[in-house]
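Working notes, beginning with the structure itself.
There are 4 protein chains.
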Amino acid sequence: MNAPAIKRRIGAESSETRALIVTATAEVIRDEGYAAASTRRVALRAGLKPSLVHYYFPTTDDLLLAVFEAGAAQSDAMIEAALAGADPVRGLWRFFTDSSRTALSVEFLALAIRRPAIRAKVAAHSEAMRARQVKAIKRAIGERIAGTDSPPPAALSLILAGIGRALFTEGALGVSAGHVEASAWVEQWLDRLCPAPDGAD
Amino acid sequence: MNAPAIKRRIGAESSETRALIVTATAEVIRDEGYAAASTRRVALRAGLKPSLVHYYFPTTDDLLLAVFEAGAAQSDAMIEAALAGADPVRGLWRFFTDSSRTALSVEFLALAIRRPAIRAKVAAHSEAMRARQVKAIKRAIGERIAGTDSPPPAALSLILAGIGRALFTEGALGVSAGHVEASAWVEQWLDRLCPAPDGAD
Amino acid sequence: MNAPAIKRRIGAESSETRALIVTATAEVIRDEGYAAASTRRVALRAGLKPSLVHYYFPTTDDLLLAVFEAGAAQSDAMIEAALAGADPVRGLWRFFTDSSRTALSVEFLALAIRRPAIRAKVAAHSEAMRARQVKAIKRAIGERIAGTDSPPPAALSLILAGIGRALFTEGALGVSAGHVEASAWVEQWLDRLCPAPDGAD
Amino acid sequence: MNAPAIKRRIGAESSETRALIVTATAEVIRDEGYAAASTRRVALRAGLKPSLVHYYFPTTDDLLLAVFEAGAAQSDAMIEAALAGADPVRGLWRFFTDSSRTALSVEFLALAIRRPAIRAKVAAHSEAMRARQVKAIKRAIGERIAGTDSPPPAALSLILAGIGRALFTEGALGVSAGHVEASAWVEQWLDRLCPAPDGAD
DNA sequence: GATGAATGAGAATTCATTCAT
DNA sequence: AATGAATGAATTCTCATTCAT
Numbered sequence: 014m015n016a017p018a019i020k021r022r023i024g025a026e027s028s029e030t031r032a033l034i035v036t037a038t039a040e041v042i043r044d045e046g047y048a049a050a051s052t053r054r055v056a057l058r059a060g061l062k063p064s065l066v067h068y069y070f071p072t073t074d075d076l077l078l079a080v081f082e083a084g085a086a087q088s089d090a091m092i093e094a095a096l097a098g099a100d101p102v103r104g105l106w107r108f109f110t111d112s113s114r115t116a117l118s119v120e121f122l123a124l125a126i127r128r129p130a131i132r133a134k135v136a137a138h139s140e141a142m143r144a145r146q147v148k149a150i151k152r153a154i155g156e157r158i159a160g161t162d163s164p165p166p167a168a169l170s171l172i173l174a175g176i177g178r179a180l181f182t183e184g185a186l187g188v189s190a191g192h193v194e195a196s197a198w199v200e201q202w203l204d205r206l207c208p209a210p211d212g213a214d
Numbered sequence: 014m015n016a017p018a019i020k021r022r023i024g025a026e027s028s029e030t031r032a033l034i035v036t037a038t039a040e041v042i043r044d045e046g047y048a049a050a051s052t053r054r055v056a057l058r059a060g061l062k063p064s065l066v067h068y069y070f071p072t073t074d075d076l077l078l079a080v081f082e083a084g085a086a087q088s089d090a091m092i093e094a095a096l097a098g099a100d101p102v103r104g105l106w107r108f109f110t111d112s113s114r115t116a117l118s119v120e121f122l123a124l125a126i127r128r129p130a131i132r133a134k135v136a137a138h139s140e141a142m143r144a145r146q147v148k149a150i151k152r153a154i155g156e157r158i159a160g161t162d163s164p165p166p167a168a169l170s171l172i173l174a175g176i177g178r179a180l181f182t183e184g185a186l187g188v189s190a191g192h193v194e195a196s197a198w199v200e201q202w203l204d205r206l207c208p209a210p211d212g213a214d
Numbered sequence: 014m015n016a017p018a019i020k021r022r023i024g025a026e027s028s029e030t031r032a033l034i035v036t037a038t039a040e041v042i043r044d045e046g047y048a049a050a051s052t053r054r055v056a057l058r059a060g061l062k063p064s065l066v067h068y069y070f071p072t073t074d075d076l077l078l079a080v081f082e083a084g085a086a087q088s089d090a091m092i093e094a095a096l097a098g099a100d101p102v103r104g105l106w107r108f109f110t111d112s113s114r115t116a117l118s119v120e121f122l123a124l125a126i127r128r129p130a131i132r133a134k135v136a137a138h139s140e141a142m143r144a145r146q147v148k149a150i151k152r153a154i155g156e157r158i159a160g161t162d163s164p165p166p167a168a169l170s171l172i173l174a175g176i177g178r179a180l181f182t183e184g185a186l187g188v189s190a191g192h193v194e195a196s197a198w199v200e201q202w203l204d205r206l207c208p209a210p211d212g213a214d
Numbered sequence: 014m015n016a017p018a019i020k021r022r023i024g025a026e027s028s029e030t031r032a033l034i035v036t037a038t039a040e041v042i043r044d045e046g047y048a049a050a051s052t053r054r055v056a057l058r059a060g061l062k063p064s065l066v067h068y069y070f071p072t073t074d075d076l077l078l079a080v081f082e083a084g085a086a087q088s089d090a091m092i093e094a095a096l097a098g099a100d101p102v103r104g105l106w107r108f109f110t111d112s113s114r115t116a117l118s119v120e121f122l123a124l125a126i127r128r129p130a131i132r133a134k135v136a137a138h139s140e141a142m143r144a145r146q147v148k149a150i151k152r153a154i155g156e157r158i159a160g161t162d163s164p165p166p167a168a169l170s171l172i173l174a175g176i177g178r179a180l181f182t183e184g185a186l187g188v189s190a191g192h193v194e195a196s197a198w199v200e201q202w203l204d205r206l207c208p209a210p211d212g213a214d
């Protein structure tokens, strides 16, 4: 999400308190799920009065969107770094299996399905992320991709994301059957699709 | 899930009313998300009094578990049928891309992460489902699996589930980049792993 | 409003508690204005918990409508009695200057302008009341009305209502200039329009 | 209302911003009712920050009073013009049926009943307006009034005001039975009380 | 002049749950 | 087997007001 932050009427974008609220909310969502992101709980975690949360974020959607934007910005930076590295595809896979990122991402995906105001942003960000990944994957695998059994870049992005999220979700549940094998297979598969360059990170 | 009846349950296992409540709750969850599964809304959808819901299901967890059990039983039957068919692996993939099933499954996965009482059941069911799939996949692909680039059965199960859920979630969001390509790739991949038998369904 | 009361799903129409809440709300509205009719204040006045108010009246509009219907029923009875008496026109005027009735009526008129759900009911009741008054006035004044300077029955109803409400509103404010004279003039005017029958109440 | 400035007022009497706030508040009251006249909504309508509203009007009553005074001043000017014209009585009736004026006036009457700080001002203004009208009516109808069925001037003022407000209120509700007839009757009645002078406006 | 920050109160709902019948 | 009544907690949001800069 590279779009410049929308100017808020109330609560300067730069306020420390504002940032504190966003951080606290992200933590609550990560730890207790998006349904727990209520004014009360957020304020409790941030050590603030509930009213103050509403002062900065008039509606819950405002708050949720701010958290999403902050998280998206972090994800963008991580992906950018991964894609710019010597081995974009493997970097991407590491990103998709980074559990701290995935936790928030999974919650927002679930949230987006139910809250129209969130959906637009999440969908747009997902599309943009995928588009950027497609470019980087093309750059990395180039023409080699044709004639092999490798999926097109957009499909590769979706497949890695899906497997990464499945590993995370089941892991959170305590289900682990097949996890090690699936991870190993993905890595070998990526090796075949796109051999790791010498001295890759 | 054939587990014996839960202790706290009062209404007869066989009651029509009970079944009606379970069905209504599943619909509510599918349509409005697990957070919407409140006594009131369920009763409204079922055309019953809220108290009656509590009469059959003292706590919300009781209700949720009953819905999960019913849904799991249906899933089990569908998977059993798929695995018993001429082409178990492709049947499995069709199951994982059945959106009505996946909708409920995704909600329960989300729910399970946050509600301890639900987690145990969902995790146990996931493990059991995976184990059964592993057996069926082994039967289907047999030794052919060695020496190829195919993942071990448990990994295959996880991979197909992950990709299926990603297709569903993103679809619900309106994101479609890479979807057709990913589906096509999975089908070709499965063809290589396990060529469709003659006259496969 | 002769329409039979709408069946409520929750809270039997006959409940004592329900009646208590309706009464308390009418008092609050009369004493503090319609804007004061909040769950809290009503519950306080009725000596009940706020939640119980919501149990009987899920939304504020439900409560307000119930109060209106109860008040309308009382008004209807009073008007019916007035119109059925020996001197319908003077009975009507007494009704319009009955301050306990007018207080509530004025509040609901104000409320109706801002709350669509209330407006329909209040408007319908006003129209119905006027129609009934027109019939009774016609019966009382009969053909004599033609050729004189008296207003048509519907206009007479509106005029008396307007003057009555002005007397009440200004009275509540402590304004009294012209009040005695206006009342006296109305009575003389009515005498000319429709001489009081012998032995009229 | 030419009353001297209230003590607590901080912003200069002549400030453009101040005037903007007063205008915006009057609009909010007219369109959404007096209960909607909150700092926030006024600021939103005026395109200002909520704090600024409080800067000029420390309390809500201060703001409301300022709006009332401004409206009263306008009303005074309109009435003055009407009464100074060739046909004061008919001018008065036109004033009482001017819906934009009446809308605000009705809101302040309702407000005044509930807010002591407003009541005094509104009552005083009503009394003063009536007194002025009485003088003008006496000048216009003079001695002719005696011996006829016309009400004393103060009563005439109240009667016209009451009928005008009833027409407005019911009109806002969508009730129209008797409206045309009542207006026609008032005009004929005024013709008899005080024949329109030649070339009346 | 003007404004951002902060706060306590209160409003309208929704909910899970308990209990008596 | 069913249901009406009751309740305490939580949720989202709006408001008036105060204060420091």
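As they're listed, the protein sequences go chains Z, F, P and E. Per the working numbering, numbering of the first sequence is gapless, rising by one per residue and ending at 214. Per the working numbering, numbering of the second sequence is gapless, rising by one per residue and ending at 214. Per the working numbering, numbering of the third sequence is gapless, rising by one per residue and ending at 214. Per the working numbering, numbering of the fourth sequence is gapless, rising by one per residue and ending at 214. For glycine and all other residues, C-beta sits at the position ideal for the given N, C-alpha and C.
8 Å Cβ cutoff, residue i in contact with chain F
i: Z/A167; result: yes
i: Z/T110; result: no
Nonlocal neighbours in the same chain, by C-beta distance under 6 Å from residue i, ignoring five residues either side
i: F/E217; result: Outside the modelled stretch of chain F, which goes from 14 to 214, sits residue 217 of chain F, for which no answer is possible.
i: E/V135; result: F121, A125
Close-in-space but distant-in-sequence residues of the same chain around residue i (CB under 7 Å, 5 per side omitted)
i: E/P63; result: T52, R53, A56
i: E/A123; result: Y47
i: E/A190; result: none
Within 8 Å, strictly: CB atoms of residue i and residue j
i: Z/A168; j: F/E194; result: yes
i: F/P101; j: F/I34; result: no
i: F/T38; j: F/V80; result: yes
i: Z/T30; j: Z/L65; result: yes
i: F/I131; j: F/L78; result: yes
i: E/L206; j: E/S163; result: yes
i: Z/H138; j: Z/A99; result: no
i: F/V188; j: Z/E140; result: yes
Neighbourhood of residue i by C-beta, 8 Å cutoff - its chain only, sequence neighbours within 5 removed
i: Z/W106; result: L173, G177, V199, E200, L203
i: P/D192; result: According to the sequence as given, residue 192 of chain P is His; it is not Asp. Around P/H192: L180, E183, G184.
i: F/L186; result: none
Cβ of residue i within 8 Å of any chain Z Cβ
i: F/S139; result: yes
i: F/E183; result: yes
i: F/I42; result: no
i: F/A59; result: no
i: F/A162; result: Per the sequence shown, the amino acid found at residue 162 of chain F is Asp instead of Ala. Yes - at least one Cβ of chain Z is within 8 Å of the one on F/D162.
i: F/W106; result: no
i: F/R132; result: yes
i: F/A174; result: yes
i: F/H67; result: no
Residue span of the alpha helix (DSSP H) that contains residue i, given as start and end
i: E/T30; result: 29-45
i: F/G177; result: 166-186
i: F/D162; result: It is not in any alpha helix (DSSP H) - F/D162 carries neither H nor E in the DSSP assignment.
i: Z/S139; result: 129-154
i: Z/S196; result: 192-206
Closer than 8 Å to chain E by CB, residue i
i: P/I154; result: no
i: P/F71; result: Inspection of the sequence shows that residue 71 of chain P is occupied by Pro rather than by Phe. Not one chain E Cβ lies under 8 Å of P/P71.
i: P/G187; result: yes
Residue i at chain P interface by Cβ criterion, 8 Å
i: E/S170; result: yes
i: E/I92; result: no
i: E/A99; result: no
Residue i: CB within 7 Å of a non-hydrogen atom of the ligand NAD
i: P/L180; result: Judged by which ligands are present, the structure shown has none, so any question about the ligand NAD falls away.
Would you list, in sequence order, the uninterrupted alpha helix (DSSP H) runs of no fewer than 4 residues that lie entirely inside the region 90-114 of chain P? 101-109
Can you give, in chain order, each stretch of the beta strand (DSSP E) that sits fully within the region 43-73 of chain E and has at least 3 residues? none
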